[in-house]
Amino acid sequence: MLRTVVHLLLRIAGWLLTPIAATLAAALGATIGAMVAPTLSPTSGLVATGIGALAGASLGLWLWLRLVRSTPELQDALAVTPDGVPTEAALDEFVPPSAEDEPRP
Numbered sequence: 015m016l017r018t019v020v021h022l023l024l025r026i027a028g029w030l031l032t033p034i035a036a037t038l039a040a041a042l043g044a045t046i047g048a049m050v051a052p053t054l055s056p057t058s059g060l061v062a063t064g065i066g067a068l069a070g071a072s073l074g075l076w077l078w079l080r081l082v083r084s085t086p087e088l089q090d091a092l093a094v095t096p097d098g099v100p101t102e103a104a105l106d107e108f109v110p111p112s113a114e115d116e117p118r119p
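Structure follows, in structure tokens:
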């Protein structure tokens with residue numbers, strides 16, 4: 015029982031890696047934008063910081079998904095498809111399928 019709980023918690027933590035990676039990349043992009051901001055007007059500085067955050071998040075997410083797609087071991091460990099979507103078997107571990115979800119003849 016304890017092993018199953020630990021396994022599920024680790025899988026949830028693995029699924030959270032994608033938003034964490036995107037958030038960290040956005041923070042890095044915003045920091046780079048903020049380093050440029052003092053040379054600009056206040057409004058342009060805010061825009062530069064926002065553009066840096068958006069560019070960082072986009073680049074970070076693209077790199078993370080590229081890593082997931084190219085590493086079958088990572089896909090297996092996280093129980094995700096190459097697109098980063100949790101597999102049906104992994105979802106069934108958390109929420110068992112109900113009778114309503116079963117296909118009708």
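For the sequence shown, our numbering gives the first residue as 15, with consecutive numbering after it.
Glycine included, each C-beta is placed from N, C-alpha and C at the ideal position.
This one's a predicted model, so the numbers in the text were calculated from it and none came from an experiment.
Query raised in the report: Around the C-beta of Leu92, are 16 or more other C-beta atoms found within 10 angstroms, so that it is buried, or is it exposed?
Result: In the sequence shown, counting from the first residue as 1, residue 92 sits at position 78. Under this definition Leu92 is a buried residue.
**Report entry** Where the alpha helix (DSSP H) containing Leu73 begins and where it ends
**Finding:** Counting from 1 along the sequence shown, the entry for residue 73 is found at position 59. Start and end: Pro56 to Ser84.
Query raised in the report: Hey, would you say Gly98 sits closer than 8 Å to Thr32, going by beta carbons?
Result: Locating residue 98 in the sequence shown gives position 84, counting from the first residue. Locating residue 32 in the sequence shown gives position 18, counting from the first residue. The answer is yes: Cβ separation under 8 Å.
**Report entry** Collapsed DSSP secondary structure at Pro52 in the structure displayed
**Finding:** In the sequence shown, residue 52 corresponds to position 38, counting from 1. Residue state, collapsed to three classes: helix.
Report task. Look at Gly28 and Ala71 and say whether their C-beta atoms are less than 8 Å apart. Result -> For the purposes of this step, residue 28 is identified with residue 14 of the sequence shown, where counting begins at 1. For the purposes of this step, residue 71 is identified with residue 57 of the sequence shown, where counting begins at 1. No, the Cβ-Cβ distance between Gly28 and Ala71 is not below 8 Å.
Query - Pair within 8 Å by beta-carbon distance, Ala104 and Arg25 - result: Looking up residue 104 in the sequence shown gives position 90. Looking up residue 25 in the sequence shown gives position 11. Contact: yes.
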